[in-house]
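Everything below concerns the one structure shown next.
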Amino acid sequence: MNSSRAGNGDPDGGVYIAVFYLAEAQDISVGKLGRFGFGQGVYFYAGSAQRNLSARLERHSRKSKATRWHIDYLSVRAEMLGAITVAAPRHRECELAKELAGMFELAA
């Protein structure tokens with residue numbers, strides 16, 4: 029998994045964009061939300077971890093894990109290509125997600 033970092037602050041905390049590649053279209057059960065069709069392609073996920081950011085990204089890249097967050101249901105089936113991290117407060121996660129939504133077609 030590749031990662032690049034911008035900003036100052038806690039060297040292991042901030043917001044991030046994780047990039048995943050799903051090799052083939054699949055219907056994926058996403059916990060209590062139900063089943064969703066995911067097309068083949070690249071998916072971006074905006075998240076935050078104010079501590080242990082590197083551990084969070086490593087977890088996202090693992091295939092074997094408990095499904096704790098919604099992204100886990102996709103990440104166990106997709107390849108994590110890398111991540112971009114920014115030393116920023118947690119509230120910037122929503123701003124980052126809105127920016128991504130404005131640039132790309134939303135999947136969920």
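Here the numbering used here = 1-based position in the sequence shown + 28. Where a beta carbon is used, it is the ideal one built from N, C-alpha and C, also for glycine.
Residue j and residue i - do their beta-carbons sit closer together than 8 Å?
i    : j   : result
L102 : F66 : yes
Just tell me which of the options has its CA closest to the CA of residue i.
i   : options               : result
A13 : L50, A53, L81 and A46 : This structure leaves residue 13 out entirely; the chain is present only between 29 and 136.
F48 : E127, R90 and R118    : R90
Q78 : D100, G41 and G62     : G41
Might you give, ordered along the chain, the residues of its own chain that have their beta carbon closer than 6 Å to the beta carbon of residue i, omitting 5 neighbours on each side?
i    : result
I45  : F72, A74 and I112
S76  : V43, R118 and E121
V70  : Y49
E107 : Y49
Rounded C-beta distance between residue i and residue j? I'm assuming under 8 Å.
i    : j    : result
A94  : Q68  : Not quite, the Cβ-Cβ distance comes to about 26 Å (not below 8 Å), so this is no contact.
V43  : L128 : Incorrect: roughly 12 Å between the Cβ atoms, too far for contact.
H88  : G59  : So it is not a contact: roughly 16 Å between Cβ atoms.
V105 : I56  : Per the sequence shown, residue 105 should be read as Arg rather than Val. About 6 Å; that satisfies the 8 Å criterion.
With a CB to CB cut of under 7 Å and the five nearest residues on each side skipped, what residues in its chain are close to residue i?
i   : result
A34 : Note that A34 scores a pLDDT of 49, beneath 50, so its modelled location is shaky; the value from the coordinates is reported in the next line. Correct list, in chain order: V114.
Q54 : F66 and R105
For residue i, I'd like the list of residues in its chain whose CB is within less than 8 Å of its CB, leaving aside the five on either flank, ordered along the chain.
i    : result
F132 : F72
Going by DSSP, which residues form a beta bridge with residue i?
i    : result
I45  : A74 and I112
E107 : Y49
D55  : G65
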